[in-house]
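Shown next, in structure tokens, is the structure this report addresses.
Chains as they are written, first to last, in full-length UniProt numbering: chain A, 1 to 428; chain B, 1 to 428.
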């Protein structure tokens, strides 16, 4: 039986999961691939560090060249992260004819197209299922299962940290600050949570999903991102009262040939399948013209779930090696990128306004919407408990984003409006 | 550009969807496969029948031999249904070197192993994503995405007709008979609904899923099936009151080397992702040791969703043809089949009993559970409105199926128990 020699770069959470699966399922994997998959070398930062993993110490190296430049490595499994230096190493590996499996969303969101081109040039595979939504096989779904469909809409809960925070805030009526601290204590949020809570991590994943789903190179810079750090418990409470759950949502939409991709907190109607995706779980909702509504749900992170996706990719690479067809199944983004302008992006919106509590205010405010031809689905006015002002919650009908921006500018200039507290997209 | 010649067998709901997708997405498909996919011949029952589909009439034939025996057909797309005769035709096609894409769950549940063997012998592909859960790519998930994991549990809502009926009964408090009539009027249920409502259709799909997920040949006869025709609105009402939704659930479980597969109405806890799968939608929940909880949700039937899966398979076949690797990726059920005995099948159970309304009844009944070491999670006794008897609703803790059967026999023999109205598995 042929032996396929793996160079594993990174032995953190995901890397140790990969070692564990390869150890535990050697027989099953051999049967599926007709090959023995063997970890030949492992890149670590510190060879001497004590590790709770069954791996002969002579496999460890602190020098990346021992893997990317080594003649006795067939496949590089990159689970160490990083962008600039990692990109250089991956290119070197590909040029040396090594196939790549990576879990690195930053790398793929920023340099995916370049790396895919180098891979194809050298007849190499580069697979990255684990880079988006951990254990959920969404990349394979987009590239293979829906290959015959035209995907027009993808909504993703693709960041577990923020979904944990919002779920807790919703369930317990707790504040953002308190729940963030709890998430940090539990290890669900980093000490510096910026990348998660400001939607940057989700934006990278949405760039990857949009590129695959729409078959055009959507760059990270094309994705507008807004996070959850200004979400208050009032927002969530009022949303719930009207039948919505607030979720940090990646939204990728196609209208004709043009697309728009964004990440923002959005009010998701409770009957929508995404509304009940709770805690650190992820889900991606995909709408295709032919298939209709589908959703893929599962763990978005974690050692073993992410490692499952890595090893599934590894199995695909090894099968391709045996069939000698590597580099031929790469999904190409062959469509010209066209981004949608704001006046063609449509949606419903939720607004929470702090206003003066006096006669005629509601008339003035609704007049501002009417002026810009934004019609309203529901309006709720109530006195605010904590200060003398009143609150107005408005949900619009479908309107375009530029019209909505004009309404907001107008509201902002009105004396009776003390504060535009929140504006969220509404989904479902 | 190479032309791949398709013989389409069947031009009903799914067949016309396939024609539509191939017509609408010819360019996209060519780009993905590097080939032109051309429908060369179409098998129909009546050539003269008026059809609302853009297809030259000279492509139509009433003779299956014109497809399975024709030298100018590369791939057979079988969407006509049937078992015995269809199996013979598929074998002939495979022996002639034709690849097969089929949506036929009956055929695959009954003869999948044989057909896969013939396909492999002749270097042919046989793909059948559309046979289970229409537009949901669950087969690809099991065979590729979770190839490196050990799946221990699959729960499936895999029959849209029964899910529509149960959803309506739950939402409107309507009776089974009334909703069945409505489903028939809407075309969601057949004039003879037996196959759907008695769980036979779901059993076929679960046999296919279990075979793939557990990698052992689970035959249709190995799947115990119970349907929903005896479900009453009281069952659903009492379930809801305790926090459950009643669903017709396919259950495939592995314990060590042994498996059990069944279809039955089950009480699904409302917080479980399957509980909110409503209407004609399908969903499959998969638990893998490494990946943990995942769920795949989407349309379980319908012309375009099912056709999407068919054409995705067709794209895979065509790619394999270009790479000359057909027949090599077939998923093999290489594990010896071992079925679990009842005393090793564990679960929680919901019971609804009609009992005499007199002192000491509850003590006698709970004593019957204690005797067989089945412990109880919750007990609810209430007077029954419609007759002089009382009702007792019991939910057990985890217990084995044989212990549960002994309890039921004992309850059945007790004078104070007028009727064991319902027994359902509890999930979640």
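Positions of the beta carbon are idealized from the N, C-alpha and C atoms, including for glycine.
Nearest-angstrom Cα separation, counted from residue j out to residue i
i                      : j                      : result
residue 212 of chain B : residue 136 of chain A : 18 Å
residue 235 of chain A : residue 165 of chain A : 14 Å
residue 299 of chain B : residue 215 of chain A : 24 Å
residue 325 of chain B : residue 98 of chain B  : 14 Å
residue 124 of chain B : residue 91 of chain B  : 11 Å
residue 100 of chain B : residue 185 of chain B : 34 Å
residue 24 of chain B  : residue 151 of chain A : 14 Å
residue 198 of chain B : residue 226 of chain B : 6 Å
residue 461 of chain B : residue 145 of chain B : In the structure as shown, chain B begins at 1 and stops at 428. Residue 461 of chain B is therefore absent and cannot be evaluated.
residue 147 of chain A : residue 353 of chain B : 51 Å
residue 181 of chain A : residue 398 of chain B : 37 Å
residue 44 of chain A  : residue 66 of chain A  : 11 Å
residue 61 of chain B  : residue 292 of chain A : 31 Å
residue 284 of chain B : residue 244 of chain B : 18 Å
residue 250 of chain B : residue 309 of chain A : 26 Å
residue 134 of chain A : residue 120 of chain B : 33 Å
residue 126 of chain B : residue 255 of chain A : 36 Å
residue 329 of chain B : residue 313 of chain B : 13 Å
residue 239 of chain A : residue 257 of chain B : 48 Å
residue 424 of chain A : residue 306 of chain B : 35 Å
residue 41 of chain B  : residue 170 of chain B : 46 Å
residue 187 of chain B : residue 290 of chain A : 20 Å
Range of the contiguous beta strand (DSSP E) that encloses residue i
i                      : result
residue 258 of chain B : 258 to 269
residue 390 of chain A : 390 to 396
residue 156 of chain B : 151 to 157
residue 295 of chain B : 292 to 299
residue 255 of chain B : 244 to 255
residue 424 of chain A : 417 to 427
residue 287 of chain A : 281 to 288
Residues bridged to residue i [DSSP beta-bridge criterion]
i                      : result
residue 35 of chain B  : B:2
residue 42 of chain B  : B:8, B:60
residue 13 of chain B  : Looking at the DSSP assignment, residue 13 of chain B forms no beta bridge with any residue, so it has no partner.
residue 75 of chain B  : B:6, B:99
residue 354 of chain A : A:391, A:419
residue 225 of chain B : B:263
residue 146 of chain A : Per DSSP, none; premise fails for residue 146 of chain A.
residue 126 of chain A : A:100
residue 347 of chain B : B:399
residue 200 of chain A : Paired residues: none, contrary to the question.
residue 233 of chain B : DSSP output for residue 233 of chain B lists no bridge partner at all.
residue 335 of chain A : A:216
Limits of the unbroken alpha helix (DSSP H) element including residue i
i                      : result
residue 110 of chain A : 105 to 121
residue 305 of chain B : 303 to 323
residue 378 of chain A : Careful: residue 378 of chain A lies outside any alpha helix (DSSP H), inside the beta strand (DSSP E) at 376 to 383.
residue 405 of chain B : 401 to 412
residue 179 of chain A : 176 to 186
residue 171 of chain B : 160 to 172
residue 361 of chain B : 361 to 371
residue 136 of chain A : Per DSSP, residue 136 of chain A belongs to no alpha helix (DSSP H) and is neither H nor E.
residue 67 of chain B  : 65 to 68
Item to complete: Taking a Cβ distance cut-off of 8 Å, strictly less, list which residues of the stretch 143 to 159 of chain B are near chain A, in chain order.
Response: 144, 145, 146, 147, 148, 149, 150
Discussion item. Beta carbons nearer than 8 Å to chain B: which residues of the stretch 361 to 380 of chain A have them?
Written reply: none
Worksheet item: Counting pairs of beta carbons, one from the stretch 401 to 410 of chain B and one from the stretch 214 to 225 of chain B, are three or more of them closer than 8 Å?
Response: no
Discussion item. If the cut-off is 7 Å on Cβ atoms, which residues from the stretch 4 to 33 of chain B count as contacting chain A, listed in chain order?
Written reply: 21, 25, 29, 31, 32
Worksheet item: Any residues in the stretch 295 to 306 of chain A with a beta carbon nearer than 7 Å to a beta carbon of chain B? Which ones, in chain order?
Response: 295, 296, 297, 298, 299, 304, 305
Item to complete: Please list the residues of the stretch 261 to 292 of chain A that have a C-beta atom closer than 7 Å to any C-beta atom in chain B, keeping them in chain order.
Response: 273, 276, 288, 290, 291, 292
Worksheet item: If you measure beta-carbon to beta-carbon, which residues of the stretch 324 to 349 of chain A are closer than 9 Å to chain B?
Response: 324, 325, 328, 329, 331, 332, 334
Worksheet item: Are the stretch 72 to 82 of chain B and the stretch 6 to 26 of chain B in contact at 8 Å, needing three or more beta carbon pairs?
Response: yes
Discussion item. Please list, in chain order, the residues of the stretch 128 to 140 of chain B that have any C-beta partner in chain A closer than 8 Å.
Written reply: 129, 135, 136, 137, 140
Discussion item. For the structure I just gave you, are there three or more beta carbon pairs, one from the stretch 407 to 417 of chain A and one from the stretch 270 to 279 of chain B, closer than 8 Å?
Written reply: no
Practice prompt. Below 9 Å between beta carbons is the criterion; list the residues of the stretch 55 to 80 of chain A that meet it against any residue of chain B, in chain order.
Written response: none
Worksheet item: Should the stretch 160 to 180 of chain A be called in touch with the stretch 192 to 208 of chain A, which here means at least 3 C-beta pairs below 8 Å?
Response: yes
Worksheet item: With contact counted as at least three CB pairs below 8 Å, one residue from each stretch, are the stretch 28 to 40 of chain B and the stretch 102 to 111 of chain B in contact?
Response: no
Worksheet item: Between the stretch 245 to 261 of chain A and chain B, which residues of the former have a C-beta closer than 9 Å to a C-beta of the latter?
Response: none
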